[in-house]
Amino acid sequence: MPSRQKTGMFTSAFLTCACSFVMICVVLATQHWMSSRIRFSGTESNVTVSLTYGLFSGTCEQLFEAGLQVTEENFQVAEHLSSTTAKSTNIAIIVILVLSLLSSLLSSGFTCTNAVSNPYQTFLGPIGVYTWNALCGILTLIAMILFPVNIEVNSLSVELARVCSSSLQTHSSSAHTYGYSYWIMLLIIFLNIGSIIIIYFYDHARYSKKKEQERPIENAPKDVILF
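At position 168 of the sequence shown the residue is numbered 167 (numbering that gives the first Met the number 0), and the sequence of numbers has no breaks.
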């Protein structure tokens with residue numbers, strides 16, 4: 000059976016890993032990654048398209064210069080993307096987050112196993128926890144980088160707005176606001192770092208204790224050594 004210290008430390012790490020798993024599910028399930036206002040100018044009138052969307056779906060509405068507001072519409076991101084680059088990047092982000100989800104699940108399993116038992120395999124111990132947490136954090140960071148690239152470089156919001164707009168006009172300006180679904184990924188990275196720090200403190204304490212046990216004679220009194 001594991002010691003109380005090990006059980007407590009790995010239980011704490013398990014909770015952070017479980018929270019990370021739940022947060023990744025929230026990121027994939029919610030559609031508040033981006034809110035954009037795309038302005039189009041034409042010969043007859045100007046149109047502003049308001050978008051709120053995520054990786055899978057979103058909503059849009061048109062606001063004409065005269066004050067007429069078109070009814071809000073729902074759309075599927077994949078179906079409305081004609082650009083191969085934008086679509087491929089969006090799919091890549093989804094795949095990366097799914098891999099991050101699996102890494103978080105494995106990390107949760109490893110920490111739970113160590114909280115209730117002493118695995119014989121080295122990889123099932125702290126090394127495995129370090130590996131899966133680091134992989135989860137790195138994959139999440141990559142997703143955080145790719146999404147703004149898709150917005151700024153591949154003009155994802157503009158392309159989606161053109162599909163929602165009733166008329167083809169010239170794009171004049173854009174304003175983007177990242178939603179909570181996007182910023183939750185930052186919390187996921189911090190949770191993974193927290194898990195690594197917790198296990199590092201446990202591993203460091205165990206190593207120090209092991210070193211003390213290997214050299215008991217150095218700390219023994221002189222009369223005991225002479226005896």
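From the three backbone atoms N, C-alpha and C, an ideal C-beta is built for every residue, glycine too.
query, result
"Buried or exposed by the 16-neighbour rule on C-beta atoms within 10 Å, applied to LEU185", "exposed"
"Spatial distance of LEU98 from LEU105 (CA atoms)", "11 Å"
"Distance between GLY193 and ILE224 (C-alpha atoms, nearest Å)", "Any reading at ILE224 must be qualified, since the residue scores a pLDDT of 44, below 50, and its modelled position is unreliable; the value itself is stated next. In a straight line, the C-alpha of ILE224 is about 44 Å away from that of GLY193."
"Contained alpha helix (DSSP H) runs [length at least 4] in the segment 113 to 188, N- to C-terminal order", "125 to 151 and 155 to 163"
"Backbone secondary structure at LEU62 - three-state DSSP", "strand"
"Chain-order list of residues whose beta-carbon lies under 8 Å from that of LEU123 (same chain, five-residue window excluded)", "PHE109, THR112 and ASN113"
"Nearest residue (CA-CA) to CYS24, options PHE200, TYR181, TYR201 and ILE197", "TYR181"
"Pairwise C-alpha distance: ILE183 and THR6", "28 Å"
"Close beta carbons around ILE188, own chain, < 7 Å, minus the five adjacent residues each side", "GLY136, THR139 and LEU140"
"DSSP beta-bridge partners of VAL46", "PHE39 and PHE63"
"Among ARG36, ASN45 and LEU54, the one whose alpha carbon lies nearest that of ALA142", "LEU54"
"VAL157 Cβ short of 7 Å to the ligand MN heavy atom set", "The ligand MN is not part of the structure shown, which contains no ligands of any sort."
"For GLU71, three-class secondary structure by DSSP", "coil"
"Between the CA atoms of SER40 and ILE92 - distance to the nearest angstrom", "32 Å"
"Distance between ASN45 and TRP131 (C-alpha atoms, nearest Å)", "50 Å"
"Cα-Cα separation, ILE195 to VAL148", "29 Å"
"Secondary structure of GLY7, DSSP reduced to three states", "helix"
"Distance between VAL157 and LEU62 (C-alpha atoms, nearest Å)", "15 Å"
"Cα-Cα separation between ILE126 and CYS16, rounded to whole angstroms", "15 Å"
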